[in-house]
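**Student:** For any residue, its number in this note's numbering is found by taking its place in the sequence shown, counting from 1, and adding 1.
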Amino acid sequence: MSNNQLSNAHRARRRRRAISPSHRRAHRMRLSAPASVGERFDSTQSKLEALPATAEEILQDKLEKYGWEGSLGVLFAGTRDPESPLAALREHETTIVKEIYSYISNRWAGHVKHTIPAAFVARVRNTIFQLSDRRGRGRRMRVLSDGRTASSGFDDGFVAFARCGRVEFPEPADRNVNMMPFILGDKDSLPSHLQCYFPLIEQCPTMKSGKGKVAYLTVHESHVNAGKAQRREGLHIESPGTFSGNTNTSSFAPAEETLGWGRGLFSLRGSDTYEGGIFMASSMGNTSEVWDALVDNRMTGIVDRHGGCEHLRALIGEGTKLEAGELIWMTDCTPHKALPQKESGYRQFFRLVTPCITHWFADHSTENPKVPLPPSVTVVQGSKFT
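#1: So S223 packs on D175, CB below 8 Å; how close in whole Å?
#2: Does the segment 285 to 302 come into contact with the segment 352 to 359, if we say contact requires no fewer than three beta-carbon pairs (one atom in each stretch) closer than 8 Å?
#3: Can you tell me whether A388 is helix, strand or coil according to DSSP?
#4: Taking the alpha-carbon positions, what's the Q342 to E84 distance?
#5: Look at the Cβ atom of I329, then the Cβ atom of A294, and state whether they are nearer than 8 Å.
#6: Just reading off the beta strand (DSSP E) that F170 is part of, what are its end residues?
#7: Would you say F155 and K114 are within 8 Å of each other, going by their C-beta atoms?
#8: Does the distance from the CB of C357 to the CB of G308 come in under 8 Å?
#9: Name the residue from G326, E100 and H337 whose alpha carbon lies nearest to the alpha carbon of E319.
#10: The alpha helix (DSSP H) that contains F155, what's its start and end?
#11: Which residue from R81, P118 and A89 puts its Cα closest to that of A54?
#12: What is the residue span of the alpha helix (DSSP H) that I59 lies within?
#13: What residue ranges within the segment 273 to 313 form continuous beta strand (DSSP E) runs of no fewer than 3 residues, ordered along the chain?
#14: Are I238 and C310 close, meaning C-beta to C-beta below 8 Å?
#15: Check whether the Cβ atoms of M180 and T219 sit closer than 8 Å, and answer yes or no.
#16: Cβ of F155 versus every heavy atom of the ligand COA: is any distance shorter than 7 Å?
#17: Using a Cβ-Cβ distance cut-off of 8 Å, determine whether T96 contacts chain D.
#18: Take H194 as the anchor and find which of N177, E327, Q204 and R348 has the nearest alpha-carbon.
Below, the structure written as C-alpha cells:
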C-alpha cells in the first residue's frame, strides 16, 4: 500500500472516530424517497414500507364501489322489483337495508388504518424511523416522522399494539373479576385473593405518572371446553365510540360523547413507553387474536354499541395470535377477539385497563370495597349488550 493510500485510510479512521455512535447509525441509513401510498404499492417495495396507511389507500381499486354505482343501487332496485326477494324490504330502506349495506360496502375504508408492527419502529434523536428488515442485513429505514415521538389517536397513530414480554400466572383458583378498580402500584388496594396478581400487574410497563391512580383489573380463570371461547368472540374494539348522555341506559347515540376505555399512546421517548391503553395476557396460547390496525371510533356507526366491528374484517388483513404467557399492550381502538380453544383446558385471562376510562358498566363490573370509582367516571346501569 502506498503512503498516499495509508494517509487516506488514516484520515477515514479519524473521521469515523469523530462521529458519535448515534450520528454514525443515522449516517449509515439509506432513506427511501417520499412516495404516495399508491406508488409504494405499485412498486416492488413491501407493504410494510407503505405503513401507516388507511385501508382505502392500501386496497384502492380492490374495494367494492359504494353509492349508486355499486351494491346500494342493486339493493334499492331489488326493493322495487315485485319478483325479487328483496321486495320484502321495501319501506325498510333506512333501517334494514341500511344495516345490510353497512356489511357489504367499504364506506369505512378511509377510517380504518393499517399500522406498523411496534418491533419495526425505531428512534434516533427526535426522528422516528420505520425499519423494513429486523435482521440487520440490507436494512433500509424510512423517515416516519420528524419531531413526533408518540403514536396517539387515529390521525397520528402508527402503532396499534406491542409485545411487552412474557408473564407467569399464579396458581389458578377460579377467580373472576371484571373491571375492578384498584390503585395502580398499591398491592394492598387489591382484595387478598387477587394480590397474587400484583407481580403480573407490576410487569406491565405503565407510566410512572399513573402510579397512585385508579386502574381496572380483569381476571378470568375457568375450564373451557374445546370449540368454546372463554371471552368475547367476534371482532371488536374496547371503545364503542359514541355514548348517549343518559347515564341510566346503555344506548349509544351519534356524536354525543366519545367513550374512552383506556385510550392508549405509544411513545418512543428513549425506550418504548405506554401511556394509557390496555395490557392483556392469557395462560393458553392461540386463544386471543389482535390486529395491527386502528379504527376511527369518532365516526358514527363504524362500530356497534358494544364495539363490534365484524363488518370491518375484510379491511384489516391478517391478525396475530398470541402465545401462552405473552403480554401485550394495545389501544382501546385496536381490533381483537377471543378464539375458541382447540382442546379443552383451564385458561387464565388477565387484563389491565389504565386510568383513562370515562364509563363503568355496573352490571358487568366488579366493585372493590377498598377503592371507590373516581368522580370523573360515569356509572352506567343496565346491560351494555341490550
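Note that CB positions come from ideal geometry on N, CA and C, so glycine has one too. None of the values given here were measured: they were computed from a predicted structure.
**Tutor:** Per the coordinate set shown:
#1: Here residue 223 refers to the residue found at position 222 when the sequence shown is read from its first residue. Here residue 175 refers to the residue found at position 174 when the sequence shown is read from its first residue. Right, their Cβ atoms sit about 7 Å apart.
#2: no
#3: Since the first and last residues shown for the chain are 2 and 387, residue 388 lies out of range.
#4: For the purposes of this step, residue 342 is taken as the residue at position 341 of the sequence shown. For the purposes of this step, residue 84 is taken as the residue at position 83 of the sequence shown. Distance between the alpha carbons of Q342 and E84 is about 45 Å.
#5: On the sequence shown, residue 329 is found 328 positions in, with the first residue counted as 1. On the sequence shown, residue 294 is found 293 positions in, with the first residue counted as 1. No, they are not a contact pair.
#6: Here residue 170 refers to the residue found at position 169 of the sequence shown. Where F170 is concerned, there is no enclosing beta strand (DSSP E), given that its DSSP letter is neither H nor E.
#7: As a working mapping, residue 155 is identified with position 154 in the sequence shown. As a working mapping, residue 114 is identified with position 113 in the sequence shown. Yes, Cβ-Cβ distance for F155 and K114 is below 8 Å.
#8: Taking the sequence shown and counting its residues from 1, the one referred to as residue 357 is at position 356. Taking the sequence shown and counting its residues from 1, the one referred to as residue 308 is at position 307. No. Outside cutoff.
#9: Position 318 of the sequence shown, counted from the start, is the residue given in the question as residue 319. Comparing Cα positions, the closest option is H337.
#10: Within the sequence shown, the letter at position 154 stands for residue 155. Note, F155: premise wrong, no alpha helix (DSSP H); not H, not E.
#11: Within the sequence shown, numbered from 1, the residue matching residue 54 stands at position 53. Ranking the options by Cα distance to A54, first place goes to P118.
#12: Against the sequence shown, residue 59 aligns to sequence position 58. Its alpha helix (DSSP H) spans residues A56 to L60.
#13: 274 to 276, 279 to 283, 289 to 291 and 294 to 296
#14: Residue 238 sits at position 237 when you count from the first residue of the sequence shown. Residue 310 sits at position 309 when you count from the first residue of the sequence shown. Closer than 8 Å, so yes.
#15: Working through the sequence shown from its first residue, we reach residue 180 at position 179. Working through the sequence shown from its first residue, we reach residue 219 at position 218. Yes, the pair counts as a contact, with Cβ atoms nearer than the cut-off.
#16: Ligands displayed in this structure: none; no statement on the ligand COA is therefore possible.
#17: No chain D is part of this structure, which consists of one protein chain only.
#18: Counting from 1 along the sequence shown, the entry for residue 194 is found at position 193. With distances taken between Cα atoms, H194 lies closest to N177.
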